[in-house]
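Residue numbers (our numbering), protein chains in the order written: chain A, 1 to 675; chain B, 676 to 1043.
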Amino acid sequence: MEVIMEALPALSDAWALILQPIVLGYLVLGVVMGLCIGVFPGLGGIAGLSLLLPFMFGMDPILGLALMVGMVAVVPTSDTFASVLMGIPGSSASQATVLDGFPMAKNGQAARALSAAFASSLFGGLVGATFLTGFILVARPIVLEFRTPELLMITIFGLSMVGILAGRVAIKGLVAAGLGMLVGTIGEGASSGDLRMSSYDFPYLTDGLKLVIVGLGIFAIPEIISLLRRDRAISSEPQLGGGWLEGVRDWFANIWLSVRCSIIGVIVGVIPGLGGSVVDWIAYGHAVQTTKDKSKFGNGEVRGVIGPESSNNAKEGGGLVPTLLFGIPGSGSMAIFIGAIALLGSGQIEVGPAMLKNNLDITYSIVWLLALANVVGTLICIAASGGIAKLTTIRFVLLAPFLFMIISFAAFQSGQNLMDLVALFAIGMLGILMRRFDWSRPAFLIGFVLSTPAENYANQAVQIASSRFRKGFGEGLDYIFSPIVVVLLIITVISVVLGLRQAKNIMAEGDVSSGSKRAPFIFLLAVTAYIAYAFYDAASIPSFSRDRVFPMFVAGVCLVGCVALIVRMMLKPETDTIFADREREGDDAESTYGLWVTLAWFAGLLVLTSLLGFILALGLFLFTFMKFRAGLNAALAATYAGAGLAFMCFMAWLLNRDFPPGLLQEYADLPWPLG
Amino acid sequence: MSIQKTKRGVTVGLMAAATASFAFSAHAGGHGIDLEGKTVEWIIPFSETGGSAKWANFYAPLLSEALPGQPTVVVKFMPGAGSTKGANFFQDQEYEDGTLIFGSSGSTQFPFLLGDPRVKYDYADWNVVLASGTGGVAYLPPDLAAKMDGMDATPLQGEDFIYGNQGATRLDLVPTLAWEMLGLNVESVMGIKGRGDGRLMFERGEANIDYQTSSSFLSGVTPLVEAGTAVPMMTWGALDAEGNIVRDPTFPDIPTFKEVCDATPACETSGEKWDAWKAFFIAGFPAQKMVFLPKGASADAIATYTAAFDAVQARDDFAEISAARLGKYPQMTGAAAETAKASATNVSPAAKTFVVNWLQEKYGVSLN
């Protein structure tokens, strides 16, 4: 009671702070800026907040907060555009949206998918804020109950979603997830800095691969290449069906799913250390498990959009708990947010354990600014979705070069290294092959995303637990098998059992026919060879280092899976589902252009970049592509190229970013943006 | 000097003139550089999210105001390989017109001192224009803190300690070496992403010993101390003008490690181990963050930046605005910064050898 008596005046103070016209004006400004940046895949909140930082110094705290919160809140809303329309996961928060959102766009239902997503986002944001208003008062002790074993268990629960997304051959999905985890372990180990699959002579890989690159490579590149080969629009229907109202109706029809996924979003967001990486997969898994007819998942099931989108905005709200109450950022953008808060006013707001006691009104202002920003952002997005959805009816060949431009730029921002583009291309190749042979790409991505937390929490839990066991057997058991762990364990087991039983009906990436044996077999052998080498590589790390354990374990399990697959391939006839190959039949096989020719265009952009630097290469690439591949006349092609360059330079100038330099820039000192 | 300083900081309008006069007095014949209409790039070899980002974002707008010509100052993040990527990049840059500066941190200093194979940079080439210090505080849960016999840590020697460690070769080697010298049995749990995660581990009761840098201690641990769930154990101390370790001015009531070590029979404040600890403490804390101009910088440029950072500190509100964001620590320029740089980037070969061997024995980390 006492707590509530303190909270109510703070809540009304917060509303009095928020509902000033100037505060709302700053909020809308922040929202508009956030939407503009959020549609850019791979940039998101970090880029946006960095842009605002120079203005934060000494700014009136509530105005600064309105601006920043407005921006952060809508990034997971606006990145839905890229996920649904282009199949590009805009940020880690919207990976799962791609699975059903993009097929809907291909079916000509882009506006419906978008508005369903936005309605869910809005609702998720509001549910999140409401929940937080009460929860934030009691959150501290609850969050502290989530120790390392609990965090590990949640990570494992997230990994168990692989069961649902594994595809028709469960072992293939498992190996795909393991491969993702192994790719996630590349670089310096967290425990004693031993190198996995990399060397100091080739420093790029020692930092590991970034999520932006892997996400874009695994999802976006295969889709772009595949669409480009067919030489038509994204939407297979010339007439767009499903207006925005229909999407809102879809959401309303599934409102309870939306409520549940929002709650999942807040709760997972609240737990520090995991944040956004698992939440959309858990929500997607939940949506699948609670749907009776699962056959449409992967082919444009609207519930597959509503689930993740409800959770990802709610998660932003939940993420405020570790950020504000513990001073521990749940994500990169939250880390900058903490730093920026220190710059506001005279620095009187101090994020951390004292926040609730000293600044409860500010805390509530942030929570409800977030909710309000969601409302404003969503309304703008829904209003725009009908028009933007028309992009899906444009000949794709006119869009593709700009998509290559954007994803190359986004990938380069992650490490500011030309190698970023090479890595993007390499992962893109892997993505293309996995798509072709029907290896679950979602499973790979889940494995990749959860690899680092799984390894760290496992190592830490083992270490702390063994120290507890030394103190006493009971104390060790208490530590490992806390009530939360036991509950999570039960949920995980149920979800895996149900998931495996249902997995055969869920084709997250559509049906694929089978054909000859040779190509799928060669790919399997290549995957096996990589895994075997990764095992050998990890095994050569000195035995006292913890950095070898996790990759060896994962690679070991995967190798068993690979052997099982090889045996099955040798025994079964070539019509078995294990030999799935998209080049045999269907869209890819009937494409106008070959895979390699299409890929060569993208490779050409990279090679030119390494020679001339990004901007010169891009100009050349856009022009030749438009002229020769799209068949435009020279004047029109030049116009397109010019527009692309102008846009790119404007974005880079605004965000104060550089472009990849090439060999030319080694010798000649060129002015920005050429140099 | 001090009189000049007070005069200089009175108004912003006078600053440019003052800059010129400082440059003149410091380097006869110099004229200072004018950065009007230019953009100064401040490279931070870490991500947007770390402590160095906070520090640079605090200084950038102030520096922009204080530099002659009020150039735009942008902070550019270049993370990678634990800051060696950005530092190697800076090493390759030649001085042009004073529009490129670099901010290093203890995590840049340590690999340099330890001879990390990835280090291609040399501090001797760089020109320091600002050195910012900080301190660190170790703390314990109340039940363990109560076992300490005054400042004598001997009763804690039988306990099993768990510490969330960011990495054996990082700043964390200062606390872990200190605890080992006190005879404490501290097991490091690796894979912590930042000291905030370490504090969370402490709050969850998984770790039972921890340390935070001063500003994080003030915002993150002080509330715990007030709530009775944490008790400060010792600070690393601060350096006086003669290079002696004295009490940390931000925490005058908390004993230093030196005092605790003196009171604990197992610990010695002399000899190889102590010298190594002190050397790495000095490299990691009293001059933790520094701003550099690249090699070949002109005396004019150095004087201009030095004057600008002096002017920032001479602002009337500097004490107020910096206390919350940087803690009460010396922000050194000119000769003081040179001295700080020298002590932070030179450790005796004996100290280096000791730490390298110690890392090899304790963590199996090989730096050769």
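Don't be surprised by glycine CBs; every beta carbon is placed ideally from N, CA and C.
Exercise. Can at least three beta-carbon pairs, one atom from the segment 244-256 of chain A and one from the segment 108-120 of chain A, be found at a separation below 8 Å?
Worked result: yes
For this session: Report the three-state DSSP secondary structure of B:Asp800 (helix, strand or coil).
Result: Position 125 of the second sequence holds residue 800 of chain B. Three-state result, B:Asp800: helix.
Exercise. What's the call for A:Met434, buried or exposed, on a 16-neighbour Cβ count within 10 Å?
Worked result: The residue labelled residue 434 of chain A in the question sits at position 434 within the first sequence. Buried, since its Cβ has 16 or more Cβ neighbours within 10 Å.
Problem set entry | Contact list for the segment 311-330 of chain A against chain B, Cβ threshold 9 Å | Pro322, Phe326, Gly327, Ile328, Pro329
Exercise. Mind checking if A:Gly48 is an interface residue toward chain B, Cβ cutoff 8 Å exclusive?
Worked result: Along the first sequence, read from residue 1 onward, the residue named residue 48 of chain A stands at position 48. Not closer than 8 Å to any Cβ of chain B, the Cβ of A:Gly48 fails to qualify, so no.
Exercise. Quick one: does the C-beta of A:Ile282 sit closer than 7 Å to a heavy atom of the ligand GDP?
Worked result: Inclusion of the ligand GDP in the displayed structure is not the case, the ligand content being empty and no account of it being possible.
Problem set entry | Close beta carbons around A:Leu257, own chain, < 7 Å, minus the five adjacent residues each side | Within the first sequence, residue 257 of chain A is the residue found at index 257, counting from 1. Ala287, Thr290, Arg303, Ile306, Gly307.
Exercise. Taking the alpha carbon of A:Ile218 as the point to measure from, which residue in A:Ala423, A:Ile615, A:Lys517 has its own alpha carbon closest?
Worked result: Taking the first sequence and counting its residues from 1, the one referred to as residue 218 of chain A is at position 218. With distances taken between CA atoms, A:Ile218 lies nearest to A:Ala423 out of A:Ala423, A:Ile615, A:Lys517.
Exercise. Hey, out of B:Asn1021, B:Lys948, B:Ala989, whose CA is closest to B:Leu1034's CA?
Worked result: Working through the second sequence from its first residue, we reach residue 1034 of chain B at position 359. For B:Leu1034, the nearest C-alpha among the options comes from B:Lys948.
Problem set entry | Neighbourhood of B:Ala1050 by C-beta distance below 6 Å, restricted to the same chain and skipping five residues each side | Only positions 676 to 1043 of chain B appear in the structure, and residue 1050 of chain B is not among them; the question remains open.
Problem set entry | Per-residue DSSP class, three states only, for B:Ala691 | On the second sequence, position 16 is the one that residue 691 of chain B refers to. Here the model assigns B:Ala691 a pLDDT of 40, short of 50, so the residue's position is not dependable and the matter cannot be decided.
Exercise. Taking the alpha-carbon positions, what's the B:Ala958 to A:Glu145 distance?
Worked result: In the second sequence, residue 958 of chain B corresponds to position 283, counting from 1. In the first sequence, residue 145 of chain A corresponds to position 145, counting from 1. So the alpha carbons of these two residues sit roughly 37 Å apart.
For this session: Can you give me the Cβ contacts of A:Asp420 inside the same chain, cut-off strictly under 7 Å, excluding the 5 residues immediately before and after it?
Result: Position 420 of the first sequence holds residue 420 of chain A. Closer than 7 Å at the Cβ level, and outside the excluded window around A:Asp420, lie Ile213, Ala411, Phe412, Ser414.
For this session: Evaluate the contact criterion for the segment 318-337 of chain A versus the segment 67-85 of chain A: three or more CB pairs, one atom per stretch, below 8 Å.
Result: yes
Exercise. Which residue's Cα is closest to the Cα of A:Gly285: A:Met56, A:Gln95, A:Phe118?
Worked result: Residue numbering aside, residue 285 of chain A sits at position 285 when the first sequence is read from its first letter. Selected option, being the one with the closest Cα: A:Gln95.
Exercise. Mind checking whether B:Ala813 and B:Met909 have CB atoms under 8 Å apart?
Worked result: Taking the first residue of the second sequence as position 1, residue 813 of chain B is located at position 138. Taking the first residue of the second sequence as position 1, residue 909 of chain B is located at position 234. In this structure, B:Met909 lies closer than 8 Å to B:Ala813 by Cβ.
Exercise. Can you give the Cα-Cα distance for B:Val906 and B:Ile884, rounded to whole angstroms?
Worked result: If you number the second sequence from 1, residue 906 of chain B lands on position 231. If you number the second sequence from 1, residue 884 of chain B lands on position 209. Cα-Cα distance, rounded: 10 Å.
Exercise. Quick one: what does DSSP say B:Thr844 is sitting in, helix, strand or coil?
Worked result: Here residue 844 of chain B refers to the residue found at position 169 of the second sequence. Coil, per DSSP.
For this session: Taking B:Glu878 as the query, report the chain A residues whose CB atoms sit under 8 Å from its CB, ordered along the chain.
Result: As a first step, residue 878 of chain B must be located in the second sequence, where it is residue number 203. In chain order: Leu144, Phe326.
Problem set entry | Length of the line joining the Cα atoms of A:Ala454 and A:Leu152 | As a first step, residue 454 of chain A must be located in the first sequence, where it is residue number 454. As a first step, residue 152 of chain A must be located in the first sequence, where it is residue number 152. One C-alpha to the other measures close to 6 Å.
Exercise. Do you know how far the Cα of B:Thr714 is from the Cα of A:Thr700?
Worked result: Residue 700 of chain A is absent from the model: chain A starts at 1 and stops at 675.
Exercise. Under 8 Å between C-beta atoms, does A:Tyr533 make it to chain B?
Worked result: The count along the first sequence starts at 1 and reaches residue 533 of chain A at position 533. In terms of beta-carbon proximity, A:Tyr533 stays away from the interface with chain B, with every pair separated by 8 Å or more.
Exercise. Which runs of the beta strand (DSSP E) fall wholly inside the segment 715-753 of chain B and span at least 3 residues, in chain order?
Worked result: 747-752
Problem set entry | alpha helix (DSSP H) segments (min. 4 residues) lying fully within the segment 405-447 of chain A | Whole alpha helix (DSSP H) segments, 4+ residues: 418-436.
Problem set entry | Reduced DSSP category for A:Met181 - H, G, I as helix; E, B as strand; rest coil | The residue you call residue 181 of chain A lines up with position 181 of the first sequence. In this structure, A:Met181 counts as helix in the three-state DSSP scheme.
Problem set entry | Coil, strand or helix - A:Ala480 by DSSP | Looking up residue 480 of chain A in the first sequence gives position 480. Position check: residue 480 of chain A holds Ile in this sequence, whereas Ala was assumed. Collapsing the DSSP output to three states places A:Ile480 in a helix.
Problem set entry | Other residues of its chain near A:Gly208: CB distance less than 7 Å, five sequence neighbours each side excluded | In the first sequence, residue 208 of chain A corresponds to position 208, counting from 1. For A:Gly208, where only same-chain residues beyond five positions count, the Cβ hits under 7 Å are Ile186, Gly187.
Exercise. What do you reckon, are the CB atoms on B:Gly778 and B:Ser727 nearer than 8 Å?
Worked result: In the second sequence, residue 778 of chain B corresponds to position 103, counting from 1. In the second sequence, residue 727 of chain B corresponds to position 52, counting from 1. Yes, the pair counts as a contact, with Cβ atoms nearer than the cut-off.
For this session: Within 10 angstroms of the Cβ of A:Ile522, are there 16 or more other Cβ atoms? Answer buried if so, exposed if not.
Result: Here residue 522 of chain A corresponds to residue number 522 of the first sequence, with the count starting at 1. With fewer than 16 Cβ atoms within 10 Å of its Cβ, A:Ile522 is classed as exposed.
Exercise. A:Gly194 to A:Ala638, Cα distance in whole Å?
Worked result: Here residue 194 of chain A is taken as the residue at index 194 of the first sequence, counted from 1. Here residue 638 of chain A is taken as the residue at index 638 of the first sequence, counted from 1. A quick correction: the sequence has Asp, not Gly, at residue 194 of chain A. Those two C-alpha atoms are separated by around 50 Å.
Exercise. With 8 Å set as the bound, which would you pick, yes or no: does the beta-carbon of B:Asp872 sit closer than that to a beta-carbon of chain A?
Worked result: Counted from its first residue, the second sequence places residue 872 of chain B at position 197. By the rule that beta-carbons nearer than 8 Å mark a contact, B:Asp872 touches chain A.
Problem set entry | Which of helix, strand or coil DSSP assigns to B:Asp885 | Reading the second sequence from its first residue, position 210 is the one you call residue 885 of chain B. Correct three-state label for B:Asp885: strand.
For this session: In angstroms with no decimal places, state the Cα-to-Cα distance between B:Gly704 and B:Ser973.
Result: To locate residue 704 of chain B, count along the second sequence from 1; it is residue 29. To locate residue 973 of chain B, count along the second sequence from 1; it is residue 298. Low local confidence applies: a pLDDT of 39 at B:Gly704 is under 50, so the model's placement there is unreliable, with the coordinate-based value given in what follows. Distance between the alpha carbons of B:Gly704 and B:Ser973: 12 Å.
For this session: Could you tell me whether the Cβ of B:Ser894 comes closer than 8 Å to any Cβ of chain A?
Result: Taking the second sequence and counting its residues from 1, one reaches residue 894 of chain B at position 219. B:Ser894 counts as touching chain A.
Problem set entry | Other residues of its chain near B:Ser700: CB distance less than 6 Å, five sequence neighbours each side excluded | Counting from 1 along the second sequence, the entry for residue 700 of chain B is found at position 25. Low confidence applies here, because B:Ser700 scores a pLDDT of 40, under 50, leaving its location unreliable; read the following figure in that light. Excluding positions up to five away in sequence, the list is empty.
For this session: Assuming A:Gly128 and A:Ala354 form a contact by the criterion Cβ under 8 Å, report the distance between their Cβ atoms to the nearest whole angstrom.
Result: As a working note, residue 128 of chain A is residue 128 in the first sequence. As a working note, residue 354 of chain A is residue 354 in the first sequence. Actually they do not touch by this definition, with Cβ atoms about 24 Å apart.
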